[in-house]
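Protein chains in written order, with full-length UniProt numbering: chain A, 1 to 402; chain B, 1 to 736. Idealized CB from N, CA, C, for every residue including glycine. Please read these numbers as outputs of a predicted model, since none were measured by experiment.
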Amino acid sequence: MTDVFIYDHVRTPRGRGKKDGALHEVPSVRLAAKVLEAVRDRNGLDTEKVDDIIMGCVDPVMDAGAVIPKAAAFEAGYSTKAPGMQISRFCASGLDAVNFGAAKIAQGADDIVVAGGVESMSRIGLGMSGGAWFMDPSVNFPAYFMPQGVSADLIATKYGFSRDDVDAYAVESQRRAAHAWENGYFARSVIPVKDINGLVILDRDEHMRPGTDMQALASLQPSFQMPGEMGGFEAVAIQAHPEIEAINYVHHAGNSSGIVDGAAAVLLGSKEGGSILGAKPRGRIKAFANIGSDPALMLTGPVDVTEKLFARTGMTLSDIDLFELNEAFAAVVLRYCQAFDIPQDRINVNGGAIAMGHPLGATGAMILGTVLDELERRDLNTALVTLCIGAGMGTATIVERV
Amino acid sequence: MSAYKNFSIETDADGIALVTWDMPDKSMNVFTTEVMDELDRIIDQVVADAAIKGVVITSGKSSFSGGADLSMIQASFDLLRQAQAEDPATAVQKLFDAAGRMTWLFRKLETCGKPWVAAINGTCMGGAFEMSLACHGRVASSDKALKIALPEVKVGIFPGAGGTQRVPRLANAQDALQMMTTGQSLTGARAKAMGLVHQVVEPDQLIPAAKQMIRDGLKPVQPWDEKGFKAPGGGIWTPAAAQLWPAAPAILRRETAGNYPGALAILKCVYEGLQVPFETGLRIEQRYFTHVLQTTEAFSMIRSLFVSMQELGKGARRPAGQPKVEFRKVAVVGAGFMGASIAYVTAAAGIPVVLVDRDQQAADKGRTHSESLVKAAQQKGRTTEEEGRALLERITATADYSALADADLVIEAVFEDRTVKKEVTEKIEAVLKEDAIFASNTSTLPITGLAGNSKRPDQFIGIHFFSPVEKMMLVEVILGKETGDRALATALDYVATIRKTPIVVNDTRGFYVNRCVFRYIAEAYDMLIEGVPAAMIENAAKMAGMPVGPLSLNDEVAVDLSYKIFKASIADLGPESVDPRHMALVAGLVEKEGRLGRKAGKGFYDYPPKPAKKKLWPGLKDLYPQKEPEEVDVGELKQRILVTIALEAARTMEEGIVTDPREADVGSILGFGFAPYTGGTLSYIDGMGAKAFVALCETLAAKYGPHFQPTPLLKDMAAKGETFYGRFAPQGRKAA
Chain A
1 MTDVFIYDHV
11 RTPRGRGKKD
21 GALHEVPSVR
31 LAAKVLEAVR
41 DRNGLDTEKV
51 DDIIMGCVDP
61 VMDAGAVIPK
71 AAAFEAGYST
81 KAPGMQISRF
91 CASGLDAVNF
101 GAAKIAQGAD
111 DIVVAGGVES
121 MSRIGLGMSG
131 GAWFMDPSVN
141 FPAYFMPQGV
151 SADLIATKYG
161 FSRDDVDAYA
171 VESQRRAAHA
181 WENGYFARSV
191 IPVKDINGLV
201 ILDRDEHMRP
211 GTDMQALASL
221 QPSFQMPGEM
231 GGFEAVAIQA
241 HPEIEAINYV
251 HHAGNSSGIV
261 DGAAAVLLGS
271 KEGGSILGAK
281 PRGRIKAFAN
291 IGSDPALMLT
301 GPVDVTEKLF
311 ARTGMTLSDI
321 DLFELNEAFA
331 AVVLRYCQAF
341 DIPQDRINVN
351 GGAIAMGHPL
361 GATGAMILGT
371 VLDELERRDL
381 NTALVTLCIG
391 AGMGTATIVE
401 RV
Chain B
1 MSAYKNFSIE
11 TDADGIALVT
21 WDMPDKSMNV
31 FTTEVMDELD
41 RIIDQVVADA
51 AIKGVVITSG
61 KSSFSGGADL
71 SMIQASFDLL
81 RQAQAEDPAT
91 AVQKLFDAAG
101 RMTWLFRKLE
111 TCGKPWVAAI
121 NGTCMGGAFE
131 MSLACHGRVA
141 SSDKALKIAL
151 PEVKVGIFPG
161 AGGTQRVPRL
171 ANAQDALQMM
181 TTGQSLTGAR
191 AKAMGLVHQV
201 VEPDQLIPAA
211 KQMIRDGLKP
221 VQPWDEKGFK
231 APGGGIWTPA
241 AAQLWPAAPA
251 ILRRETAGNY
261 PGALAILKCV
271 YEGLQVPFET
281 GLRIEQRYFT
291 HVLQTTEAFS
301 MIRSLFVSMQ
311 ELGKGARRPA
321 GQPKVEFRKV
331 AVVGAGFMGA
341 SIAYVTAAAG
351 IPVVLVDRDQ
361 QAADKGRTHS
371 ESLVKAAQQK
381 GRTTEEEGRA
391 LLERITATAD
401 YSALADADLV
411 IEAVFEDRTV
421 KKEVTEKIEA
431 VLKEDAIFAS
441 NTSTLPITGL
451 AGNSKRPDQF
461 IGIHFFSPVE
471 KMMLVEVILG
481 KETGDRALAT
491 ALDYVATIRK
501 TPIVVNDTRG
511 FYVNRCVFRY
521 IAEAYDMLIE
531 GVPAAMIENA
541 AKMAGMPVGP
551 LSLNDEVAVD
561 LSYKIFKASI
571 ADLGPESVDP
581 RHMALVAGLV
591 EKEGRLGRKA
601 GKGFYDYPPK
611 PAKKKLWPGL
621 KDLYPQKEPE
631 EVDVGELKQR
641 ILVTIALEAA
651 RTMEEGIVTD
661 PREADVGSIL
671 GFGFAPYTGG
681 TLSYIDGMGA
691 KAFVALCETL
701 AAKYGPHFQP
711 TPLLKDMAAK
721 GETFYGRFAP
731 QGRKAA
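In structure tokens:
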């Protein structure tokens with residue numbers, strides 16, 4: 001098997017995923033094009049040599065439809081020889097795009113792959129691509145379908161996390177993200193989104209609320225009590241986990257991931273790819289795995305996939321210096337830490353999606369980059385990146401510096 | 001002169017044919033094969049006769065129609081079995097074709113080229129409403145007794161003659177799903193608001209209004225056959241649908257725990273059907289209908305919840321040769337909660353009642369109960385002022401026993417104490433006319449013993465009501481050793497008059513229903529003692545199809561009552577008759593914790609003031625070392641709950657307490673809500689087969705104790721491959 005190296009990675013800042021968000025005016029394809037341009041220009045990449053462009057996109061419809069990476073390649077001015085494909089594994093799509101690209105390189109099919117993801121949630125709302133999973137009774141029923149927030153509240157109830165626990169985690173996420181921004185930890189990877197004249201549209205994560213405290217969060221009403229109680233989903237949760245008498249609704253906008261717009265790209269290559277690029281690798285994709293998990297808990301896949309990955313690699317918790325787990329909901333991270341007894345100072349050390357937002361298809365590639373930067377800054381070696389996924393799945397990747 | 005047995009046709013000067021459906025020898029019109037054949041020919045005649053411009057179809061009965069004759073559906077089960085025996089390869093195809101008969105007949109009606117209007121003069125159910133939906137116009141009478149419903153889901157099937165396709169093409173999908181998955185009844189006004197009928201008119205205007213629709217040029221084309229048709233709300237891929245469909249299965253799961261294939265099939269038919277052309281939708285519905293017809297649930301539910309319930313209601317167990325009893329007066333002695341409620345349901349059925357207690361004040365208090373029930377019914381619009389007043393006037397509260405002298409039936413509902421009952425029985429018989437029947441509403445004391453207090457034990461019987469009497473549809477009629485046929489006939493006529501369903505059981509401690517209920521609660525005690533989390537016990541029971549969890553039920557009937565029953569049982573039958581661990585649990589709750597049940601605001605649950613919800617008492621966790629949820633097999637909890645009850649029902653058959661499987665099944669569903677999708681306790685066993693049931697019992701006995709040991713009868717049935725309905729063929733009917 002050929003080694004797979006990471007040569008560079010970039011991301012856009014994350015714009016608030018609403019009509020008044022700064023990136024709302026930027027079409028999905030242009031967000032994707034921005035990161036393709038950046039990896040090319042920063043690395044002097046001859047795009048004729050790009051074997052594939054793989055991007056995650058969860059709702060690839062309307063202006064994100066019809067194979068958005070190939071469309072973005074046109075807008076970015078890539079060689080017509082560079083092909084593109086779009087994939088979805090819901091929230092882990094960006095990381096799965098990287099893993100997919102890594103697999104092609106490892107197999108020897110490709111030398112240079114640009115992998116990443118894009119989601120303009122302000123332009124294309126959640127669920128806009130439809131789907132049998134939640135719409136078709138023949139699937140919805142056996143899948144124990146619930147809105148993810150109800151599953152997050154089920155996790156909190158089952159594993160005993162109180163409203164204070166999840167709020168405290170959210171406050172810390174905001175504090176860490178603000179600290180990282182203030183100290184320039186993201187400077188190397190975040191590229192400003194500029195207009196056609198070179199004027200800056202957005203250069204900072206727009207969703208953050210630095211200084212958020214427990215008191216501010218305490219005033220927020222639980223977001224998922226209504227669907228849970230009125231929509232029948234609490235009964236679904238209880239029938240899947242009947243030791244629970246009633247759901248404790250603890251999640252709200254302040255301790256759940258933000259809805260945002262953004263894109264990311266990771267420049268992957270073999271050793272040969274590196275000589276074509278004339279660049280030194282920054283990291284190596286050591287291993288990755290996917291798994292299906294309890295569909296009602298839905299968001300505990302990271303626990304299962306981490307166990308699978310350790311079993312396959314023979315690695316253990318002590319081999320991992322830093323963990324990066326997408327902050328879909330606070331309870332997801334708390335459960336992961338509880339399951340493996342991971343201290344909080346080794347996970348999501350620069351904050352995460354609760355503070356900065358979760359542009360679905362792009363997030364996996366973004367947090368892979370974030371943790372690689374942090375390994376370099378702390379001069380550590382190995383990190384595990386993982387995301388929880390709709391319908392009950394998990395994706396994880398172990399990355400190490402070279 | 002008519003060419004049809006079930007229909008008459010009269011064509012007026014405008015060329016409008018009035019087709020009147022009026023089946024001879026039936027009080028209500030139903031769809032039979034013959035009716036379908038005739039309707040088929042009528043459609044041909046209408047098409048062929050140039051003089052006929054359009055059709056109004058109505059009923060000659062007070063109701064429009066009750067829908068398909070479910071014995072026809074039962075016949076399709078026989079057809080399937082026969083076809084499977086002959087040629088399994090083509091059996092399902094035959095069932096599919098039979099299942100489509102009504103579907104394509106109604107499709108023929110709506111595409112025949114001439115306009116049809118249904119003039120719905122009275123209650124219109126199931127297949128009959130599906131036929132109405134195939135008509136181009138629908139006019140309903142404003143008669144307040146008129147009900148429209150697609151109730152098929154209640155007997156384990158679903159509207160399979162176009163209902164799942166036409167309703168959501170007329171009404172919005174949410175209303176359509178609600179109507180069909182609950183089987184709820186609609187008033188004419190509600191049906192009109194939903195878009196299911198075009199007009200609601202005074203009864204005498206019904207036919208003129210229906211004819212007028214045709215004279216006004218009603219198009220013989222359904223909306224869904226017009227170009228560019230869109231379902232209300234726009235179909236499946238719309239923002240409104242994105243709100244509805246993810247939640248619809250969740251709500252169904254909340255209401256049914258996924259135990260009813262017919263209900264889930266409705267969702268699938270609507271979801272898939274709205275994405276395709278109408279006729280394709282009909283075919284999808286036909287496929288699901290064929291599939292659901294093959295389920296054990298459909299077979300068992302139709303048998304118990306329709307056929308058997310109807311047969312028992314019509315007096316299947318009534319002894320022959322006894323003249324029907326008209327009740328001129330019924331006396332209820334004992335004006336406590338049960339007695340007062342019995343007086344109410346009796347008066348509500350139009351029978352004059354004397355309510356007797358030891359003093360006027362106590363008797364009056366019993367009558368007050370009826371007053372509050374009448375007031376509540378009036379507030380909900382279920383009764384008029386006048387009806388309510390008339391009902392109350394039929395109840396006379398008195399302390400004077402002589403008032404009951406001329407009663408046809410006396411129901412004794414005094415305190416459950418042999419001495420008290422003896423005294424009261426003697427006082428009653430001192431004044432009661434010779435030929436009157438004496439009934440005791442005891443729930444715990446054997447009838448034969450109580451009959452010993454009577455001078456005429458052949459006229460002595462048990463009539464066991466369930467609480468709350470106004471709501472519970474079941475009555476257990478208990479035969480003492482010497483109870484005669486006239487007493488039984490009188491009791492059954494009384495139960496029929498108050499519109500409840502009787503089961504007749506022989507005398508034993510706990511009779512039938514309570515014996516089963518004790519097993520239900522006892523199994524929950526076992527689980528608690530094993531350390532199964534209490535919420536898991538309650539949820540597993542509900543997931544198994546029980547309406548109320550066993551611990552919640554125990555709180556309702558009172559934990560201290562369980563304690564008293566245990567003590568009585570030990571006193572009467574010896575200490576081995578009660579599991580000492582159960583005794584310790586109940587004694588601890590009652591004596592140490594004062595947790596007497598709901599009435600005390602605390603039992604297995606805590607009952608905070610409303611609107612807060614009841615919550616399991618956290619102290620339950622400390623009573624026994626708790627298991628981790630992952631260690632507990634929920635599927636097995638569900639099985640234990642159903643099996644322990646079904647096994648007790650089988651014992652009552654073996655002991656001859658219950659003699660007719662229909663009564664065991666119907667009694668279990670109406671008496672304590674035993675998982676209706678199974679068709680009842682014995683259908684549950686028949687449904688899986690005695691052999692599988694015995695094997696399951698043995699597995700459970702090895703793990704959870706000898707109370708799961710299969711009985712000799714069950715082992716014999718397993719060896720012979722018998723069913724309860726085969727071995728104990730219901731009286732007066734061939735084996736099903």
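query	result
Residue-chain proximity (glycine 232 of chain A, chain B), Cβ-Cβ < 8 Å	yes
Anticipated Cβ contact below 8 Å, isoleucine 398 of chain A with alanine 264 of chain A, distance rounded	Wrong, their Cβ atoms sit about 19 Å apart, outside the cutoff.
Beta-carbon gap between serine 300 of chain B and threonine 659 of chain B smaller than 8 Å	no
C-alpha gap between leucine 637 of chain B and valine 643 of chain B, whole angstroms	10 Å
Beta-carbon separation (whole angstroms), tyrosine 7 of chain A vs glycine 269 of chain A, contact threshold 8 Å	6 Å
Distance between isoleucine 367 of chain A and valine 113 of chain A (C-alpha atoms, nearest Å)	18 Å
Alpha carbon of cysteine 57 of chain A to alpha carbon of valine 303 of chain A, nearest angstrom	24 Å
Chain B contact residues for glycine 127 of chain A, given Cβ-Cβ distances below 8 Å	Ala242
Three-state secondary structure assigned by DSSP to histidine 24 of chain A	helix
Residue range of the alpha helix (DSSP H) that includes tryptophan 181 of chain A	163-182
Neighbourhood of lysine 308 of chain A by C-beta, 6 Å cutoff - its chain only, sequence neighbours within 5 removed	Ala289, Ile291
Contact set between tyrosine 271 of chain B and chain A, taken where Cβ atoms lie within less than 9 Å	Met135, Asp136, Pro137, Ser138
Beta-carbon neighbours of tryptophan 245 of chain B, restricted to chain E and to distances below 9 Å	No chain E appears in this structure, whose protein chains are A and B.
Where arginine 254 of chain B meets chain A, residues with beta-carbon distance less than 7 Å	Gly232, Ala235
Assumed close pair glutamate 155 of chain B, leucine 305 of chain B - CB separation to whole angstroms, cut-off 8 Å	For the sequence presented, residue 155 of chain B should be read as valine rather than glutamate. Sure, about 5 Å apart at Cβ, within 8 Å.
Exposed unless 16 or more other CB atoms sit within 10 angstroms - verdict on serine 59 of chain B	buried
Chain-ordered neighbours of tryptophan 21 of chain B on chain A, where CB pairs are closer than 9 Å	Going along chain A, no residue has its Cβ under 9 Å from tryptophan 21 of chain B, so there is no contact; the nearest lies around 35 Å.
Methionine 1 of chain B, buried or exposed, once every other Cβ within 10 Å from all chains shown has been counted against 16	Residue placement at methionine 1 of chain B is poorly supported in this model, since its pLDDT is 43, which falls under 50; the coordinates still yield a value, given next. Exposed: under 16 other Cβ atoms inside 10 Å.
Proximal residues to glycine 94 of chain A (C-beta, below 7 Å), its chain only, five neighbours per side dropped	Gly56, Gly116, Gly117, Ala264, Gly361, Ala362, Thr363, Gly364, Ala365, Met366
6 Å Cβ shell around glycine 262 of chain A - same chain, five flanking residues per side excluded	Thr12, Arg14, Pro359, Ala362
Short Cβ contact (8 Å threshold) for aspartate 153 of chain A with asparagine 248 of chain A	yes
Rounded separation between lysine 94 of chain B and leucine 80 of chain B - CA only	8 Å
Short Cβ contact (8 Å threshold) for alanine 413 of chain B with glycine 334 of chain B	yes
Alpha carbon of isoleucine 411 of chain B to alpha carbon of tyrosine 607 of chain B, nearest angstrom	35 Å
Proximity winner among B/Pro159, B/Ala248, B/Asp493, relative to tyrosine 288 of chain B (alpha-carbon distances)	B/Pro159
Run of the beta strand (DSSP E) containing valine 643 of chain B, from where it starts to where it stops	Here valine 643 of chain B belongs to no beta strand (DSSP E); instead the alpha helix (DSSP H) covers 634-654.
Alanine 143 of chain A burial status per 10 Å Cβ neighbour count (16 or more: buried)	buried
Chain-ordered chain B contacts of isoleucine 238 of chain A [CB-CB under 7 Å]	Asn539
Beta carbon proximity, proline 533 of chain B to chain A, threshold 8 Å	yes
DSSP state of tryptophan 237 of chain B mapped onto helix, strand, coil	coil
Cβ distance (whole Å) where isoleucine 320 of chain A is taken to contact threonine 382 of chain A below 8 Å	6 Å
Whole beta strand (DSSP E) elements within the region 34-100 of chain B, 3-residue minimum	54-59
Glycine 366 of chain B, buried or exposed, once every other Cβ within 10 Å from all chains shown has been counted against 16	buried
Contact under 8 Å by Cβ, aspartate 345 of chain A with tyrosine 185 of chain A	no
Residue-level contact to chain B via CB, glutamate 245 of chain A, 8 Å cutoff	yes
Closest Cα partner of arginine 418 of chain B within the set B/Asp408, B/Thr442, B/Ser402	B/Thr442
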